[in-house]
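Engineer:
Residue numbers (the numbering used here), protein chains in the order written: chain U, -11 to 294; chain Y, -11 to 294.
1. Can you name the residues of chain Y whose CB is closer than 8 Å to the CB of residue 35(U)?
2. Under a CB-based cut-off of 8 Å, is residue 141(U) close to chain Y?
3. Between the stretch 146 to 159 of chain Y and chain U, which residues of the former have CB atoms less than 8 Å from a CB of the latter, in chain order?
4. Go through its chain and collect everything with a Cβ distance to residue 157(U)'s Cβ below 7 Å, but skip five positions before and after it.
5. Which of the residues in the stretch 52 to 80 of chain U, read from start to end, lie with their CB under 7 Å from any CB of chain Y?
6. On the DSSP letters alone, give me the boundaries of the beta strand (DSSP E) that residue 210(U) sits inside.
7. Quick check on DSSP: helix, strand or coil for residue 56(Y)?
8. Return no unless some Cβ of chain U is closer than 8 Å to the Cβ of residue 122(Y).
9. Determine contact between the stretch 218 to 236 of chain U and the stretch 259 to 272 of chain U, defined as no fewer than three beta-carbon pairs at a distance below 8 Å.
10. Suppose you measure from the CA of residue 66(U) to the CA of residue 289(Y); what does that come to, to the nearest Å?
11. Starting from residue 239(Y) and walking both ways along the alpha helix (DSSP H), at which residues does that stretch end?
12. According to DSSP, is residue 116(Y) part of a helix, a strand, or is it coil?
13. When the Cα of residue 134(Y) is compared with those of 106(Y), 164(Y), 46(Y) and 4(Y), which residue comes out closest?
14. On the premise that residue 141(U) lies in contact with residue 108(U), defined as a C-beta separation below 8 Å, what is that separation, rounded to the nearest angstrom?
15. How about residue 145(U) and residue 101(U): do their beta carbons lie closer than 8 Å?
16. Under the DSSP definition of a beta bridge, which residues are partnered with residue 162(U)?
17. Check the Cβ of residue 96(Y) against every Cβ in chain U and list those closer than 9 Å, keeping chain order.
18. Taking residue 56(Y) as the reference, give the member of 201(Y), 114(Y) and 223(Y) with the closest Cα.
19. Give the range of the beta strand (DSSP E) segment to which residue 90(U) is assigned.
20. May I ask you to list, following chain order, the residues of the stretch 170 to 191 of chain U that have a beta carbon less than 8 Å from some beta carbon of chain Y?
21. Please list the partners that residue 105(U) has in chain Y, where partner means a Cβ-to-Cβ separation under 8 Å.
22. Consider the Cβ of residue 162(Y): report whether some Cβ of chain U lies at a distance smaller than 8 Å.
23. One question on the structure: do residue -5(Y) and residue 239(Y) come within less than 8 Å of each other, judged by their Cβ atoms?
24. How many whole angstroms separate the CB atoms of residue 249(Y) and residue 281(Y), which I take to be in contact at a CB cut-off of 8 Å?
25. Using a Cβ cut-off of 8 Å (strictly closer), state whether residue 99(Y) contacts chain A.
26. DSSP three-state call for residue 263(U): helix, strand or coil?
27. Could you work out which residue in 286(Y), 252(Y) and 256(Y) is closest to residue 275(Y) when comparing CA atoms only?
28. For residue 28(Y), name the three-state secondary structure that DSSP assigns.
29. In whole angstroms, what is the alpha-carbon distance linking residue 246(Y) and residue 273(U)?
30. Just tell me which of 193(U), 162(U) and 82(U) has its CA closest to the CA of residue 211(U).
31. Within the 8 Å Cβ cut-off, does residue 167(Y) reach chain U?
32. With distance defined between alpha-carbon atoms, name the residue in 18(Y), 1(Y) and 79(Y) nearest to residue 10(Y).
33. At a threshold of 7 Å, does residue 240(Y) count as lining the ligand GDP (C-beta to nearest heavy atom)?
34. Within the continuous alpha helix (DSSP H) that includes residue 254(U), where are the two ends?
35. Looking at C-beta atoms only, is the number of pairs between the stretch 29 to 41 of chain U and the stretch 30 to 41 of chain Y that lie closer than 8 Å three or more?
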């Protein structure tokens, strides 16, 4: 069961965070681009190989301190078939290093098409979970459930996203709460179908770290759902902001940070400590810092609650 | 401007339909699979090449009678990088034959990521338009507008989809109409920014053929938006059902049919007329029939209105 594996990985690494592998070619160290462009050319192949080289460095440096990576497919898809190839190779490499792999694809389509997406991602042996979009309705989510059960995979349904404009549709008031609360009710109903031994479901929710108050409501509405929490770091949310996404056991959520971790070597905080050759160590330092900050915020919350 | 090009193509071919290239390997003629599997193997490469062979036959047979094709990316994505390669090759082949190409990708993500999707699809010279999902809000749609203007591309935003479960989220009642009406208001606001010489916007809406009454309301709410209309044929909607998607000039909509056209050779209606070797002619016959039925329904409506 996906949920049991993820919760156990979080516990064993004492780290409820996930590193987002969202590579931007302009931020990848020059020395990597020099190597791959020389070998493959400054083209989609050379760029894709630079991304793969970069990702492997990050994975090698963090695999023992984080439970999972999240791979945002758009940063690969933009380079066509070559990029797509590296997307799957990155998933494979991360999996081989013992990491759980969340493919952030945010797909959503009618049932026939959803089956294709499920086959593409949930039936891939190196991918543990995907993100999906609920706008098209419940019958576009249910096609994934078979693979969730059969292949022990996970699903994170977008509920309340981290971007500023998320209010446009998600915060519309209906007779029964906001739209995102309606989606949360749907997620809760579905997630109760696929609960693991530890009490958590393999069908979770995406809840942005930037919405502290909403997170509190959503945590109550979806007690067994694991929250995948984007928006920490580069998007502005702090460790204190994400605590409401966790349950009373300080579990049930996994916080993502992408740019702030993988490009830590360029940040104000680390740029005088690490050179571009040490980009992977910089990422590790940032991840360790993030783990400390979130665990501290969670402990502090527990202490205040007692 | 995309909208002018599409409306002119519809007019010149006197055909407001689009053929959906949603290939399912199990429905592709055996003789094609024999050829490509022998050459490439019964694997993702062989399957992808069978799809490409099949698509080329369809395109060669219909390019002079339809204005556009819609390529559902999931049916390619499921075969990984090889499938993805064939997705783009299909777009290229269709474009070379003078067809407009709509990539049905239904992507939706935060602005930074939307920029990647825009680059992947709207900056591709063989793709004219894409479909996008509005759930994440207005700030996730606006990143595409630059490419819509700069590269004369089109955008179709999901408003009311054709599937039965679309009511789950889309039909929730808010203070200001249903969720899909709120999305329509957003589409209308954005679409007014990118109007062509013929009065139509390059930012349109996806409105399912299966919702006749809703289509009437939506036509009024988005007067300048072109409707991309799925759900005709295999999903159950008839020519009469789609007429409400058109405006008083019997323009402003393009109706998609996928399975019913491309696999016409297997249908009850055509299977005794065409062999599997004539799958492309069967598709042409079905497309010509569809054109006639929709144009007749539109003329009938106009006549009744007078």
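The beta carbon of each residue, even a glycine, is placed where N, CA and C say it ideally should be.
Structural biologist: Looking at the atomic coordinates:
1. Correct list: empty, because the minimum Cβ distance to chain Y is about 12 Å.
2. By this cut-off, residue 141(U) is not an interface position.
3. Residues of the stretch 146 to 159 of chain Y with a C-beta less than 8 Å from any C-beta of chain U: 146, 149, 150, 151, 152, 153, 154, 155, 156, 157 and 158, listed in chain order.
4. Closer than 7 Å at Cβ, skipping near neighbours: 167.
5. Taking 7 Å as the Cβ-Cβ cut-off, the stretch 52 to 80 of chain U approaches chain Y at 60, 62, 63, 65, 66, 68, 69, 72, 73 and 76, given in chain order.
6. Premise fails: residue 210(U) is in no beta strand (DSSP E) and is neither H nor E.
7. Strand at residue 56(Y).
8. Closer than 8 Å: yes.
9. Of all C-beta pairs linking the stretch 218 to 236 of chain U to the stretch 259 to 272 of chain U, fewer than three are shorter than 8 Å, placing the two stretches out of contact.
10. Roughly 44 Å between the two C-alpha positions.
11. Run containing residue 239(Y): none; DSSP gives neither H nor E here.
12. In this structure, DSSP gives residue 116(Y) a state outside helix and strand, which the three-state scheme calls coil.
13. Among 106(Y), 164(Y), 46(Y) and 4(Y), the Cα nearest to that of residue 134(Y) is on 106(Y).
14. Residue 108(U) to residue 141(U), Cβ: 12 Å. No contact.
15. It is not a contact, given that the beta carbons lie outside the stated cut-off.
16. Answer is 165(U) and 162(Y), bridged to residue 162(U).
17. The contacting residues are 94, 96, 121, 123 and 146.
18. By alpha-carbon distance to residue 56(Y), the top candidate from 201(Y), 114(Y) and 223(Y) is 114(Y).
19. 88 to 95 is the extent of the beta strand (DSSP E) around residue 90(U).
20. Per Cβ criterion, the list reads 170, 171 and 174.
21. Within 8 Å Cβ-Cβ: 62, 65 and 66.
22. It does: the Cβ of residue 162(Y) has a partner Cβ on chain U nearer than 8 Å.
23. Yes, the pair counts as a contact, with Cβ atoms nearer than the cut-off.
24. 12 Å between Cβ atoms; not a contact.
25. In the displayed structure, chain A is absent; the protein chains listed are U and Y.
26. Three-state result, residue 263(U): coil.
27. Considering only alpha carbons, the answer is 252(Y).
28. Residue 28(Y) sits in a helix when the DSSP states are folded into three classes.
29. Going from the Cα of residue 246(Y) to the Cα of residue 273(U) covers about 52 Å.
30. Relative to the Cα of residue 211(U), the nearest Cα in the group 193(U), 162(U) and 82(U) belongs to 193(U).
31. Taking Cβ atoms only, chain U reaches closer than 8 Å to residue 167(Y), which makes this a yes.
32. Selected option, being the one with the closest Cα: 79(Y).
33. No copy of the ligand GDP occurs in the structure displayed, which carries no ligand at all.
34. Counting along the chain, residue 254(U) sits inside no alpha helix (DSSP H), nor does DSSP assign it H or E at all.
35. In short, these stretches do not touch, since the Cβ pair count stays below three.
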